[in-house]
Amino acid sequence: MNLLSWFDPWHSPLCTCPPKLTFNPYTGCDHKCVYCYASSYIPHFFDCRPKKDLLPRLEREASKLNGELVSIANSSDPYPTIEAERGLTRRCLEILTRQNCQIQIITKSDIVLRDIDLLRRVPSMVAVTITTDDVEIAKILEPNAPSPPMRLKTIERLAEKGLPVAVRIDPIIPYINENPETLVRAVAQIGVRHITASTYKVKADNWQRLSLAMPKTTEKLKPLYFEKGERLGRYTYLPKALRLKLMENMARLAKKYGVKFATCREGLKGLNTATCDGSWLIRQCASKNQAQILNEAGTDKHNHRLMC
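Here this note's numbering = 1-based position in the sequence shown + 26.
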């Protein structure tokens, strides 16, 4: 199998992402998020390990690229806790930036700050997932991931360095984080220009983990999913009316605080005010810098620093 592949291999009708390549340096993730979906189709998911022959394989595959959008990563965080020592994601970024690839990072980790210098070489954006700004709830849902305050500081630092940042408030779970106004206000004040949100989708394994972690809450959630909910693809969703209500609230909050908004795999793209994954920020970054690059002919493109 190739390391680089086109996103959404299942061709879900619910996916509204633009065409892009996706790449996961690691198999699995050690953040151990209770609601994780990828654990349902990747064996031993929480045993995080690098892809076999990662760097030489990526060198070969990336040699055929020239400026494509590469999303890192959609099945596992590219900055698991072991990346601090391994540094493999950084070495992958070095390879991809040499091919002028546009980079989209999706992460919960502050380790991304280490790689700001590489991300500024090419049009890039970072999407940071913050499920809740409640520290205690975050400890339950995302036991090994950085705390919400640390993620907010990460966003602030990225913005200070001129990198476009989106925030994923995902998943929205009734009775847990269904009205995150304080979080939306906080990220808007930092300078975030895009929020993506979606509701929690049930898989057998993530439901079991959530039931063990928050038994009282899952008792209230059970009829919403298993009596009134609907089966879409391989997931059990909340009833559409409730999903619409939750996402309309998110759209209202985004508009209130001057932020673009989009849903993810909800079948509610009418609520979107921008490209669902926030990659429009990369195109905007590229447009702003095109004139600058042309006016600095002779500058080494690999040392040129891009600012958005």
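Glycine included, every Cβ here is placed at the ideal spot set by N, Cα and C.
How far does the alpha helix (DSSP H) with residue i in it reach, from first residue to last?
i: Leu258; result: Segment 256-258 is the beta strand (DSSP E) holding Leu258; no alpha helix (DSSP H) there.
i: Val161; result: 161-167
i: Met176; result: 174-186
i: Ser237; result: 230-239
What distance in whole Å lies between the Cβ atoms of residue j and residue i, which are believed to be in contact at a cut-off of 8 Å?
i: Val285; j: Ile221; result: 5 Å
i: Met276; j: Ile166; result: At roughly 22 Å, the Cβ-Cβ gap does not stay under 8 Å, so Met276 and Ile166 are not in contact.
i: Phe287; j: Thr299; result: 5 Å
i: Ser38; j: Ala64; result: Wrong, their Cβ atoms sit about 15 Å apart, outside the cutoff.
i: Leu40; j: Leu80; result: Their Cβ separation, rounded to whole angstroms, is 31 Å, which puts Leu40 and Leu80 out of contact at 8 Å.
i: Lys295; j: Thr289; result: 7 Å
i: Glu256; j: Lys266; result: 7 Å
i: Lys77; j: Pro51; result: 6 Å
Whose C-alpha, out of the options, is nearest the C-alpha of residue i?
i: Thr244; options: Tyr201, Lys266, Tyr263; result: Tyr201
i: Ile156; options: Leu189, Asn203, Leu114; result: Asn203
i: Val75; options: Thr53, Leu95, Tyr251, Gly255; result: Correcting the residue identity first, residue 75 is Arg in this sequence and not Val. With distances taken between Cα atoms, Arg75 lies closest to Thr53.
i: Thr42; options: Cys311, Ser305, Arg291, Ile163; result: Arg291
i: Tyr105; options: Asp196, Ser97, Val96, Arg116; result: Arg116
i: Gln125; options: Val152, Asn92, Ser101; result: Asn92
i: Ile108; options: Ala171, Thr299, Val218; result: Ala171
i: Glu85; options: Leu184, Leu29, Lys282; result: Leu29
i: Thr158; options: Ser150, Pro169, Val152; result: Pro169
i: Thr208; options: Glu186, Pro197, Leu178; result: Leu178
i: Leu268; options: Leu114, Gly293, Asp303, Arg309; result: Gly293
i: Arg309; options: Lys78, Met273, Val96, Asn50; result: Val96
i: Leu218; options: Tyr67, Ser66, Gly304; result: First, the amino acid is wrong: residue 218 is Val here, not Leu. For Val218, the nearest C-alpha among the options comes from Gly304.
i: Ser89; options: Lys281, Leu258, Gly188, Cys127; result: Cys127
i: Val213; options: Tyr283, Leu80, Val228; result: Tyr283
i: Cys311; options: Met151, Ala192, Lys271; result: Met151
i: Gly259; options: Lys248, Leu250, Pro249, Val228; result: Val228
i: Pro45; options: Ile137, Asp34, Pro39; result: Asp34
i: Thr133; options: Leu119, Ala110, Leu80, Ala99; result: Ala99
i: Ile195; options: Ser224, Gln215, Thr123; result: Ser224
i: His57; options: Ser66, Pro51, Leu47, Asp73; result: Asp73
i: Glu120; options: Ser135, Pro82, Leu264, Ile181; result: Pro82
i: Arg183; options: Tyr226, Asn205, Asp136, Val210; result: Asp136
i: Leu47; options: Cys62, Ile131, Phe71; result: Ile131
i: Ser66; options: Gln234, Gln215, Asp103, Val161; result: Gln234
i: Ala230; options: Tyr263, Ile216, Pro206; result: Tyr263
i: Glu87; options: Cys62, Ala164, Cys59, Leu122; result: Leu122
i: Leu189; options: Leu307, Trp32, Cys59, Ile198; result: Leu307
i: Val191; options: Thr180, Ile198, Pro197, Cys59; result: Thr180
i: Arg211; options: Arg278, Lys77, Leu139; result: Arg278
i: Ile216; options: Glu274, Val154, Lys295; result: Val154
i: Leu145; options: Ala185, Asn205, Ser173, Glu111; result: Ala185
i: Leu139; options: Val161, Ile199, Met176; result: Met176
i: Leu236; options: Cys59, Cys55, Phe252, Pro51; result: Cys59
i: Ile163; options: Tyr61, Glu253, Leu297, Pro249; result: Tyr61
i: Leu5; options: Ile199, Glu274, Pro206; result: For residue 5 there is no data in the structure shown, the boundaries of the chain being 27 and 334.
i: Leu270; options: Leu297, Asn205, Lys78, Lys281; result: Leu297
i: Cys118; options: Phe49, Cys55, Trp32; result: Phe49
i: Met273; options: Ala110, Tyr226, Ile129; result: Tyr226
i: Ala110; options: Pro69, Ile129, Asp141; result: Asp141
i: Asp103; options: Phe71, Lys254, Glu94; result: Phe71
i: Asn205; options: Lys246, Ser173, Asp160, Lys242; result: Asp160
i: Pro197; options: Ser173, Lys187, Asn232; result: Asn232
i: Asp143; options: Pro174, Arg112, Lys187, Phe252; result: Lys187
Just grab the DSSP bridge partners of residue i for me.
i: Ser224; result: Ser224 pairs with nothing; no bridge assigned.
i: Lys286; result: His220
i: Ile198; result: Thr225
i: Ser31; result: Thr48
i: Ala153; result: Ile132, Ala192
i: Thr262; result: Val228, Arg257
i: Thr53; result: Arg75
Uninterrupted beta strand (DSSP E) stretches inside the region 55-143 (no shorter than 3 residues)
95-98, 128-133
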